[in-house]
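A short write-up of the structure that comes next.
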Amino acid sequence: MAPFSVSQLKGSASNLKNSTSQRFQDTKSKFSSKSSATSTYDHRFPSTKAPPPPPPPTRRVGLVEDDEAEDHSAGDHADDDVLPRSLPSGPPPVIPRNTKPVQSNPNNRSGSNPLVKLNEGQSPSSLNQVKWSQISQDDKEQLFGWLDEFFGINRPSSSSSSKPENTKPLGKGIGKPPNHASADSFKTSHPADTTYGSSAHDLCMYFSSSTRWVSAWYATPVAVPPPLEQVRDCIRSHYTQWRGDMHTLGGGALFSDMSACWYVVEWSKRNAQDTSQARRRATVLPRPEPMPLDELVAAHETYGETIAAFAEGYEGTGQWCARGECWDLASEALKSFEQWDYIPKPIPSIGKTHGHLIYEGKAWGKGQGAGRWRGGDDRIRRGDIVQWLTTTIVDGYTTFTLGAPDHTAVIVRDQIPRIKPSDGASMKPGDLIQLEVVEQSVHSPPDRKVYRLEGMAAGEVWIYRPVSMEAYLKLLFTPNWPENMEALVEA
């Protein structure tokens, strides 16, 4: 063993102290938080981590001057699409609607908004918003002129107090809305317009002394008055009598507007072709007044159930009624009462008419239209008959076209309108809500359908209550001159 030396022990201890102190300093330097200016960064081994992004630029709310916009370089906002932006306070900015560019003013060299009137001592950069009071009157007129040009309006200058002579409608190419009649004054296409108030009165005036007859139509085998030759929506009949040399022609016509006319012509066989020698007279039964509640309910109880059951008897059988026309289903149901002699004869189907009118209406757009209730009943009842004219009904994604041009159906369920009915009350077709019917066409056998009139967008509609002819007209129509009726015209 080497001899123990105190000097060597002291040297070893000193070396160990120095080594421990150096390692401690190295560790402290490694884990201490120093600024980048004093850190031991070696540029030969750069870090792969990118420096943090700069904070987002401050957004200015208000008017941005043109020269400010030009100073912003693309590099300043290269990361705007990925960096989060600070949200402005208050409501969202107004989206500009005016696409017409601002005309440049050669005198405006400041780059400021030409519509803004600056106060004395006020610079463009100090404007954060545009106030209406800051816009000059000339600029306002220019602004309104652009708006008027866009909407197609001729507007007088504010300095002129006179009214414009020609004012264009609002909206380019729109024009005025259709001149549809109001609910109180509207008129459907049926019954047709007449000269003297009803179809019967028009025919009656043909027999007046003021009308010159150009032919001896009364002496022909057909013996139909010329005004009736082309009329289809009426029931007409006539008779002839002769006694010695004198001949008599009598006849009558019941029209679809429920007016009736009777006429008599007398002439001598020796001068039958001389129309000036023929004697003539005619009289008129005007259109009847609406029936009250009790009479309309009684008519329903007499005819309604039988008519509805008649139509339902064909439903689902695949068999057509009569010719298969839609009109036949209603007409044949009314004719079926001829087999019971104890039931009063109902008014037959005459054109679009099937009895007492209780509702008429028309539509010129979905939810738009007019109509009128007639009579004292408060609802549509089973067995009533509906008549359509070129009608379009939109129900969800389904569109129904009823009538080419006409369509007839039998109503098989009561329906209370949305508005309480009364005679003469205004009521749109949509106020009837819906109609459940049995109908047929030459292409489709009788079937049940539900039509929601709230979706009626075009066309016309009439609803009739089958009623007794004698109860409604106060007589049974025949070609014979009614008793106790005086001639309205005579020649």
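In this note's numbering, the protein residues as written are 1 to 491.
Quick reminder that beta carbons are idealized off the backbone N, C-alpha and C, glycines included.
Cα separation between residue i and residue j?
{"i": "GLU332", "j": "LYS269", "result": "42 Å"}
{"i": "ASP257", "j": "ASP395", "result": "32 Å"}
{"i": "PRO221", "j": "LEU228", "result": "15 Å"}
{"i": "ASP341", "j": "TYR206", "result": "37 Å"}
{"i": "LEU540", "j": "ASP274", "result": "Summary: the structure shown does not reach residue 540, with the chain confined to residues 1 through 491, and so no result is reported for it."}
{"i": "GLN230", "j": "TRP242", "result": "28 Å"}
{"i": "PRO429", "j": "THR353", "result": "18 Å"}
{"i": "HIS72", "j": "THR398", "result": "Per-residue confidence for HIS72 stands at a pLDDT of 39, beneath the threshold of 50, marking its modelled position as unreliable; no derived number is given."}
{"i": "THR478", "j": "CYS234", "result": "13 Å"}
{"i": "LEU435", "j": "ARG418", "result": "13 Å"}
{"i": "PHE337", "j": "ALA311", "result": "14 Å"}
{"i": "MET291", "j": "LYS420", "result": "17 Å"}
{"i": "THR499", "j": "LYS449", "result": "The structure shown does not extend to residue 499, since the chain is modelled only from 1 through 491, so no value can be given for it."}
{"i": "TRP327", "j": "SER468", "result": "20 Å"}
{"i": "GLN339", "j": "PRO348", "result": "14 Å"}
{"i": "ASP138", "j": "SER422", "result": "59 Å"}
{"i": "ASN271", "j": "ASP202", "result": "28 Å"}
{"i": "VAL297", "j": "GLN368", "result": "30 Å"}
{"i": "LEU357", "j": "GLN319", "result": "30 Å"}
{"i": "ILE411", "j": "THR306", "result": "12 Å"}
{"i": "TYR361", "j": "ALA219", "result": "It is worth fixing the name first, because residue 361 is Gly in this sequence and not Tyr. Going from the Cα of GLY361 to the Cα of ALA219 covers about 44 Å."}
{"i": "GLU289", "j": "ALA192", "result": "18 Å"}
Is it the case that the Cβ atoms of residue i and residue j are separated by a distance below 8 Å?
{"i": "VAL437", "j": "VAL386", "result": "yes"}
{"i": "ARG232", "j": "ALA308", "result": "no"}
{"i": "ARG465", "j": "ALA299", "result": "yes"}
{"i": "GLY304", "j": "TRP373", "result": "no"}
{"i": "LEU476", "j": "GLU483", "result": "no"}
{"i": "THR248", "j": "VAL264", "result": "yes"}
{"i": "LEU329", "j": "CYS321", "result": "yes"}
{"i": "LEU293", "j": "ASP431", "result": "no"}
{"i": "GLU460", "j": "SER189", "result": "yes"}
{"i": "THR195", "j": "MET485", "result": "no"}
{"i": "SER209", "j": "ALA404", "result": "no"}
{"i": "SER237", "j": "GLY252", "result": "yes"}
Looking only at its chain, what residues have a beta carbon closer than 7 Å to the beta carbon of residue i, apart from the 5 residues adjacent to it on each side?
{"i": "VAL442", "result": "GLY324, GLU325"}
{"i": "GLY455", "result": "LYS366, ILE393, VAL394, ASP395"}
{"i": "THR48", "result": "In this prediction, THR48 has a pLDDT of 47, which is less than 50 and means its spatial position is unreliable; nothing more can be read from the coordinates."}
{"i": "HIS407", "result": "CYS326, TRP388"}
Which residue comes first and which comes last in the alpha helix (DSSP H) that contains residue i?
{"i": "GLU310", "result": "The amino acid at residue 310 is misidentified as Glu; the sequence shows Phe. Looking at the DSSP string, the run of the alpha helix (DSSP H) that includes PHE310 is 305-312."}
{"i": "GLU295", "result": "293-299"}
{"i": "SER268", "result": "It is not in any alpha helix (DSSP H) - SER268 instead sits in the beta strand (DSSP E) that spans 260-268."}
{"i": "LYS345", "result": "It is not in any alpha helix (DSSP H) - LYS345 carries neither H nor E in the DSSP assignment."}
{"i": "SER441", "result": "SER441 -> not in any alpha helix (DSSP H); beta strand (DSSP E) instead, spanning 434-441."}
{"i": "ALA200", "result": "199-206"}
Please look up how many angstroms separate the CB atoms of residue i and residue j, rounded, as I've assumed it's under 8 Å.
{"i": "MET427", "j": "GLY371", "result": "5 Å"}
{"i": "TRP462", "j": "GLY250", "result": "So it is not a contact: roughly 32 Å between Cβ atoms."}
{"i": "ALA200", "j": "CYS261", "result": "4 Å"}
{"i": "LEU488", "j": "CYS204", "result": "6 Å"}
{"i": "ARG379", "j": "ILE416", "result": "5 Å"}
{"i": "PRO346", "j": "GLY355", "result": "7 Å"}
{"i": "SER259", "j": "ARG287", "result": "5 Å"}
{"i": "PHE400", "j": "TYR451", "result": "6 Å"}
Only counting the same chain, and skipping five residues up and downstream in sequence, which positions put a Cβ closer than 6 Å to that of residue i?
{"i": "PRO446", "result": "TYR314, GLU315, VAL438, GLN440"}
{"i": "ALA409", "result": "VAL386, VAL437, GLU439"}
{"i": "GLU301", "result": "none"}
{"i": "PRO91", "result": "Per-residue confidence for PRO91 stands at a pLDDT of 38, beneath the threshold of 50, marking its modelled position as unreliable; no derived number is given."}
{"i": "LEU402", "result": "TRP388, THR391"}
{"i": "THR278", "result": "According to the sequence provided, residue 278 is Ala. The question's Thr does not apply to it. Cβ within range, chain order: VAL265, TRP267."}
{"i": "LEU285", "result": "ALA260"}
With respect to the beta strand (DSSP E) encompassing residue i, which residues constitute its N-terminal and C-terminal limits?
{"i": "CYS321", "result": "Unbroken run through CYS321: none, as it is neither H nor E."}
{"i": "LEU476", "result": "Run containing LEU476: none; DSSP gives neither H nor E here."}
{"i": "HIS247", "result": "246-255"}
{"i": "LYS366", "result": "Element bounds for LYS366: n/a, residue is neither H nor E."}
{"i": "SER331", "result": "Here SER331 belongs to no beta strand (DSSP E); instead the alpha helix (DSSP H) covers 326-335."}
{"i": "HIS354", "result": "No beta strand (DSSP E) contains HIS354, which DSSP labels as neither H nor E."}
{"i": "PRO394", "result": "Per the sequence shown, the amino acid found at residue 394 is Val instead of Pro. Where VAL394 is concerned, the enclosing beta strand (DSSP E) stretches over 385-395."}
{"i": "TYR196", "result": "Unbroken run through TYR196: none, as it is neither H nor E."}
{"i": "PHE400", "result": "398-411"}
{"i": "MET456", "result": "456-465"}
{"i": "ARG280", "result": "279-285"}
{"i": "ILE235", "result": "234-243"}
{"i": "VAL231", "result": "Segment: none, VAL231 is in no beta strand (DSSP E) and carries neither H nor E."}
{"i": "SER444", "result": "444-452"}
Does chain C have any CB closer than 8 Å to the CB of residue i?
{"i": "GLY430", "result": "Looking at the structure shown, chain C is missing, and only one protein chain is on hand."}
Return the chain-ordered list of same chain residues with a C-beta closer than 8 Å to the C-beta of residue i, the five sequence neighbours on each side being excluded.
{"i": "ALA458", "result": "ALA363, TRP364, GLY365, THR390, THR391, THR392"}
{"i": "TRP217", "result": "ALA223, VAL224, PRO225, PRO226"}
{"i": "ILE350", "result": "ASP233, CYS234, ILE235, LEU254, PHE255, SER256"}
{"i": "VAL214", "result": "THR275"}
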